[in-house]
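First comes the structure, then the notes that go with it.
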Amino acid sequence: MFIVLFCIVAITLWLLNKFVLPFNNQPLSDNPAVMNPVLPVKKETPAYKLALPTLTKSSPTLFLDIDGVCHKNFDESLSHLPILEAFLEEHKGVQIVISSTWRTTCEKEFLARCLGKKVWASVVGFTPILGTREQEVLSFVESHSIEHFVCLDDDRTEFFGGVPVIFTDRSSAITSREVSQLSRWYHRAR
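Read in order, the letters of the sequence shown are residues 9 to 198 in the numbering used here.
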């Protein structure tokens, strides 16, 4: 019993040091509009209530999964986030809609701290909770008339050919291969 309690405390302290304490003195975003939708997303929340005022229908829109994309498997280290940050730095104007299950379990402030200022500044919304990831993306796209979009995800079972997807290998997360595919998509969308 003591070992279990010790492990819980140790993990909690590690999470605080990794995700919360380094960001305590930093603003969550340069954009105050990012604080509008309520997280975690609830099943009854419609897609039209999950967009921020900064969303534009003509900007290239990336629907972002986190597990298997921003880190390998489900280790929650976000070790590949710098790759996404570099892509966003090089490809101005990409807006992000969070399609990850993290949107259903995390508070907004925690998610903002995890993703960091550079990525969070590009976040313009969250997908609703529906049957599959593809349905969730389509609902958001249709509700907001998004013109150019792609999904970045590791789970092939969530998609059935109705939306453009760049798949990562969950054991390696995002790599230069997926960044090249994202770059080609970005230039076609422009």
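The beta-carbon is built from N, C-alpha and C at its ideal position, and this holds for glycine as well.
What you are looking at is a predicted structure, and each value in this text was computed from that prediction instead of being measured.
Specify the secondary structure class of residue i as computed by DSSP and reduced to three states.
i, result
"cysteine 78", "coil"
"glycine 124", "helix"
"isoleucine 91", "helix"
"threonine 53", "coil"
"leucine 160", "strand"
"phenylalanine 71", "strand"
"phenylalanine 168", "coil"
Does residue i pass the burial test, meaning 16 or more other C-beta atoms within 10 Å, or should it be called exposed?
i, result
"glycine 169", "exposed"
"serine 87", "exposed"
"tyrosine 56", "exposed"
"glutamate 98", "exposed"
"proline 54", "exposed"
"threonine 113", "exposed"
"proline 136", "buried"
"alanine 120", "buried"
Would you mind working out which of the options sits nearest residue i, comparing C-alpha positions?
i, options, result
"valine 187", "Leu96, Pro45, Val46", "Leu96"
"phenylalanine 134", "Ser87, Ser107, Ile182", "Ser107"
"arginine 111", "Pro48, Ser184, Phe175, Arg196", "Pro48"
"valine 105", "Trp193, Lys80, Thr165, His152", "His152"
"alanine 129", "Leu63, Pro172, Glu155, Leu58", "Leu63"
"glycine 124", "Leu138, Leu92, Val145", "Leu92"
"serine 66", "Val158, Ile154, Lys116", "Ile154"
"leucine 138", "Thr109, Ala120, Cys122, Leu70", "Thr109"
"proline 61", "Leu160, Cys122, Tyr194, Val131", "Val131"
"alanine 94", "Glu115, Lys126, Lys116", "Lys126"
From what residue to what residue does the beta strand (DSSP E) around residue i run?
i, result
"valine 145", "Taken as a continuous stretch (DSSP letters only), valine 145 belongs to no beta strand (DSSP E), being part of the alpha helix (DSSP H) at 141 to 152."
"valine 131", "131 to 134"
"threonine 64", "Segment: none, threonine 64 is in no beta strand (DSSP E) and carries neither H nor E."
Does the Cβ-Cβ distance between residue i and residue j come in under 9 Å?
i, j, result
"phenylalanine 82", "aspartate 73", "no"
"cysteine 78", "isoleucine 174", "no"
"serine 179", "lysine 80", "yes"
"alanine 197", "proline 68", "yes"
"valine 102", "glutamate 142", "no"
"threonine 140", "phenylalanine 167", "yes"
"leucine 190", "phenylalanine 71", "no"
The alpha helix (DSSP H) spanning residue i covers which residue range?
i, result
"valine 187", "184 to 197"
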